[in-house]
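Have a look at the structure below, then the notes.
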């Protein structure tokens, strides 16, 4: 049975552990090891995760199947003061992929956003990430591209995707 719950600040280690497993699999063929390590530290250190939760309005959801945490998503309502919910992150452990965990996380975020009166669910995804197809299957369409300078000479080369709620 799959359950989804809001992550508590003391559960950031679970999010970090999942990221450390999923990121090399997801981005190993796209990013250098140096950029991968830089981004993991920048986005998933204890301080970074707590800042996202406590100060930036990000809500993390944890998906648990048969007692094992298998994935997470983070979102923000009213992104940039618009009726848009931003799906900041969604990652599922390799052994849990294909078991509807990602679908359940997207559906949960979409339901929360819709209930809150949001008109769109928006996300950024690396243009070379295989997840682009996953998002398209669930109704997201590409609405633009961004190259975001994240420091240390690195960029995130993203497609911007959006789904009408």
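Residue numbers (the UniProt record's numbering): 1 to 165.
Ideal Cβ positions, reconstructed from N, Cα and C, are used throughout, including at glycine.
For this session: Just the C-alpha distance for residue 109 and residue 87, rounded to the nearest angstrom, thanks.
Result: 8 Å
Exercise. For the beta strand (DSSP E) that contains residue 6, what are its first and last residues?
Worked result: 2 to 6
Exercise. Rounded to a whole number of angstroms, what is the C-alpha to C-alpha distance between residue 95 and residue 101?
Worked result: 11 Å
For this session: Kindly indicate which three-state DSSP category residue 120 falls into: helix, strand or coil?
Result: strand
Problem set entry | 7 Å Cβ cutoff met for residue 62 and residue 69 | yes
Exercise. Are residue 105 and residue 65 touching if we call contact CB-CB under 7 Å?
Worked result: no
For this session: Would you mind stating whether residue 157 and residue 149 have Cβ atoms separated by less than 7 Å?
Result: no
Exercise. Between residue 33 and residue 77, what straight-line distance do the alpha-carbon atoms span, to the nearest angstrom?
Worked result: 32 Å
Exercise. For residue 82, is the classification buried or exposed, using 16 other Cβ atoms within 10 angstroms of its Cβ as the cut-off for buried?
Worked result: exposed
Exercise. Relative to the C-alpha of residue 103, which residue among 119, 126, 140 and 85 is closest?
Worked result: 140
Exercise. Does the beta-carbon distance from residue 160 to residue 144 come in below 7 Å?
Worked result: yes
Exercise. For residue 140, which three-state DSSP category applies?
Worked result: coil
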